[in-house]
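Heads up, the sequence shown stops at 308 in the working numbering, and the numbers go up one at a time, no gaps. First up is the structure itself, then whatever we jot down about it.
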Amino acid sequence: MKAIQVISLTLLSVLAANAQILKFGKCPKPDVQANFDATRYIGKWYEIKKLPTAFQKGQCATATYSLKSPGVIGVLNTELLDNGTTNSIAGSAKPKDPAQPAKLEVSFYDIPSPPGPYWVLSTDYEGHALVYGCTDFGLFRMEFTWIMSREPTLSEETTEQLQSILSSAGVNPSKLVATNQDATYCSAMTQ
118 MKAIQVISLT LLSVLAANAQ ILKFGKCPKP DVQANFDATR YIGKWYEIKK LPTAFQKGQC
178 ATATYSLKSP GVIGVLNTEL LDNGTTNSIA GSAKPKDPAQ PAKLEVSFYD IPSPPGPYWV
238 LSTDYEGHAL VYGCTDFGLF RMEFTWIMSR EPTLSEETTE QLQSILSSAG VNPSKLVATN
298 QDATYCSAMT Q
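And the structure:
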C-alpha cells in the first residue's frame, strides 16, 4: 500500500506541475449519449473549452474524425503552438463494448500507452459535442473534458447546458479553459 501511495503522490506532483486535472477518488460513471451514431459524428470539430492537459499546449485546436472501418473512427487532432507551428497527432477510436458505442477508447499511433477513455456524453452531431474521459490511478483519478462545436464558436446557452451536464457528473466546469478560435489568430492552421 505504501508503494501505491508514493507512486500516487509522485504522479500527483508531476501532473499538478503540468496543469493536469487530478482529483482524489474514483472516476464517476456519467450517462453517455443514447444511440450514439459514429457515422454522424465524423467530420471536423472545433475545441471550445477543455480541462487543462499536459499533452495539449496549443490553441485553435480541432479534431477531425473519419470512418476507418465499421466501428473504428480515425482521429486527427491538430493545434497551433505559440511558436506559430502546428502540432498534429493521429490515432483511432473504437468502443470497448459494441453495445455501448458512445464509450470509445482512443489510441494514438505515436504514443506507446494503453487506450484512453473517450466518452461522448452529449452531441447533436451538427452543432455540439461534450466528451469526457477519466482514468483511475490508485487513490486519484485523472479527468479530461472537451466541449466541441462544428463551428469555431458555440452559444453561451449551449455551453452552459453542457457545463450543467458536467456538474451533474461531478466534474467542476469552473476548471474548464477556453480555446482561442479567433479566425485571424488561427489562420496559420490553414497555411
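All residues carry an ideal CB built from backbone N, CA and C; glycine is no exception.
Rounded to whole angstroms, the separation of the alpha carbons of Trp-162 and Pro-232 is 21 Å.
Take the alpha-carbon of Lys-211 and the one of Val-189: they are about 5 Å apart. Residues Pro-145, Pro-147 of the same chain have their beta carbon placed closer than 6 Å to that of Ala-286, with the five preceding and five following residues left out of the count. Per DSSP, the beta bridge partners of Tyr-163 are Thr-179, Ser-266. When the Cα atoms are used, Thr-301 and Lys-174 turn out to be separated by approximately 19 Å. In this structure, the alpha-carbon of Thr-156 lies about 30 Å from that of Ala-171. For Glu-196, the enclosing beta strand (DSSP E) stretches over residues 189 to 197. DSSP places Tyr-249 inside the beta strand (DSSP E), whose first and last residues are 245 to 254. Nearest C-alpha to Ala-151 among Lys-220, Leu-293, Trp-263, Ala-295: Lys-220. When Ser-205, Ile-264, Gly-250 are compared, the shortest CA-CA separation from Arg-258 is found for Gly-250.
In terms of Cα proximity to Tyr-226, the closest of Pro-215, Gln-217, His-245, Ile-206 is Ile-206.
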